[in-house]
Ligand code: NOJ
Ligand code: MG
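In our numbering, the protein residues as written are 38 to 574.
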């Protein structure tokens, strides 16, 4: 494929940026980020070249899972500044050409949500069927073998009513019953409410598991390997056929897409899609009637190795086809930070990773702090706040620590004499310090985004992966302008620790890292983790 065909929307062409509100910027000196803090950070984001921000949940919540346990979908938590702060943020963002995308949490509510308080009050309660209830197994145990993502059974016994309720996450997060039409209608109303209030779209939490098997059948265990019974927690996604990945989920997603498309301008839907494989990911886009964008965790969880990445990029392009628009990210509040995961704290590796994210065909999502190469902070056990653990046992807190704006004691995040809700960690170079340094990761990140913004083929053109030496990802972006010539940029990233000569194309280097050499005759010599973008007509 050489040219993008369908008309592109702002989210296709733009750069998205995830704001973990608690940790971005604190405006009222309580050590916790808030929406007026996000507003104060807008000039930085506009300067960087960001087109849209996705806010992690901002609703009233007991914070058992930091906002992913919603107690009221139609309000904004006081601690974040309430509804008035949301309105101020949308209007100031709009003035800078930045859209505000919210997080929709439809899989579960808080156990303090009025719907659940009512559901729990008895088997005949008005909202009983809005949640997933089941009788005990004959031995009195849980109704089936489904497991909570956070460990243990996904079922909690409710003694007064003698039934279990389902919770795929914490017991404080009861799962909604998406077979119930009233639940569907309630969420239609929630989605419309926020669109009318100025939200540019939603990131949809747990998009691959909202609907459960109607008959609550056991997930199959994986086959016994090497004579060992597998640890049930090691369920592979391919075994989660009844608790996750139900085909019926697509009807729900289509419903929201119909609503989103009816607004002017249309609103964006971004799926948190832990798909089984890349063809399965493609199904979330539907036939233009599903998600506009879907998170690609095969890419995000790949090793930082050119051969592995080229394989995933190629498989993504083949599965999605030329119309669906890929989404590239390598960090978030669950998996941790790009600068640590892929970058190992090395600025050269971080530059290389940012170059890939921003210039591949599709939309990049930067996680706050990626632009300054912020690393995970090892949060000591005494300061951990997150109930969910990563599989290696470290907390997700490590990737959620506050943004480092200045070198001052409060790091420009909060007042100097206030303890932030999670520690700052040591040794990070702040936004303010990096802004003045053309050799910083921040300057690089801005340069790569600026290149994307100035070259239409990088924003919306097609892409072909090119043959490349071991460890190198090379690709060509091309766009036929209406009636005009085709513009092309060829990019190469040496995702390996060795210098490599890459036969690429003759042309002008639009952007390159230190130590890249034009060897003539179209060959470019790239140092370890070096990258170059070359204009080729
Ligand atoms: C995915 C969110 O990203 C994560 O932070 C949360 O714990 C679960 N969904 C449950 O809502
Ligand atoms: Mg605050």
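Even for Gly, the Cβ is constructed at its ideal location relative to N, Cα and C.
In the DSSP assignment, residue 201 falls within the unbroken beta strand (DSSP E) covering 200-203. The beta carbon of residue 64 sits closer than 7 angstroms to at least one heavy atom of the ligand MG.
Every residue whose beta carbon comes nearer than 6 angstroms to a heavy atom of the ligand NOJ appears here in chain order: 102, 105, 142, 206, 242, 243, 309, 370, 371 and 425. Secondary structure note for residue 213: it is in no alpha helix (DSSP H), with a DSSP letter that is neither H nor E. In this structure residue 79 is not in contact with residue 137, their Cβ atoms being roughly 10 angstroms apart against a cut-off of 8 angstroms. For residue 71, the distance from the CB to the nearest heavy atom of the ligand MG is below 7 angstroms.
CA-CA distance, residue 109 to residue 98, rounds to 7 angstroms. Proximity of the beta carbon of residue 67 to the ligand MG is indicated: a heavy atom of the ligand is located closer than 7 angstroms. Residue 74 has its CB nearer than 7 angstroms to a heavy atom of the ligand MG. Assignment of beta-bridge partners to residue 168 by DSSP yields 213. Straight-line measurement puts the Cα of residue 169 at about 11 angstroms from the Cα of residue 252. When DSSP reads this structure, residue 503 sits in a beta bridge with 511. In the three-state DSSP reduction, residue 436 falls in the helix class (H, G or I). In the three-state DSSP reduction, residue 366 falls in the coil class, being neither helix nor strand. For residue 517, the pairing in a beta bridge is given by DSSP as 523. For the 8 angstroms CB-CB criterion, residue 245 and residue 305 do not form a contact.
If you draw a straight line from the Cα of residue 502 to the Cα of residue 438, it comes to about 36 angstroms. The beta carbons of residue 59 and residue 69 sit closer together than 8 angstroms. Here the alpha carbon of residue 283 sits roughly 18 angstroms from the alpha carbon of residue 334.
For residue 333, the three-state secondary structure derived from DSSP is coil. In the three-state DSSP reduction, residue 539 falls in the strand class (E or B). Its chain contains 228 and 306 as the residues whose beta carbon lies nearer than 7 angstroms to that of residue 293, once the 5 sequence neighbours on both sides are disregarded; these appear in chain order. Rounded to whole angstroms, the Cβ separation of residue 496 and residue 50 is 4 angstroms, and the two are in contact under 8 angstroms. Residue 526 sits buried, since 16 or more C-beta atoms from the chains shown fall within 10 Å of its C-beta. Cβ-Cβ distances below 8 angstroms link residue 112 to 96, 97, 119 and 120 in the same chain, with the five nearest sequence neighbours on each side left out; the list follows chain order. Taken in chain order, the whole alpha helix (DSSP H) runs of length 4 or more contained in the region 439-492 are 468-472 and 478-491. In terms of CA proximity to residue 215, 243 leads the group 66, 243 and 124. Within the region 63-122, the runs of alpha helix (DSSP H) at least 4 residues long that lie entirely inside it are, in chain order, 72-77 and 79-85. In this structure, residue 398 places its C-beta atom within 8 angstroms of the C-beta atom of residue 514. In terms of CA proximity to residue 369, 53 leads the group 53, 226 and 424. Between residue 347 and the set 139, 530, 133 and 89, the nearest pair of CA atoms involves 530. Cβ-Cβ separation between residue 569 and residue 546: approximately 6 angstroms, consistent with a contact (criterion under 8 angstroms).
Sequence-distant Cβ neighbours of residue 45 in its own chain, meaning closer than 7 angstroms and more than five residues away, are 497. Between the region 396-412 and the region 477-485 there are three or more inter-stretch CB-CB distances shorter than 8 angstroms, so the stretches are counted as touching.
Out of 557, 190, 524 and 532, the CA that lies nearest to the CA of residue 540 is found in 557.
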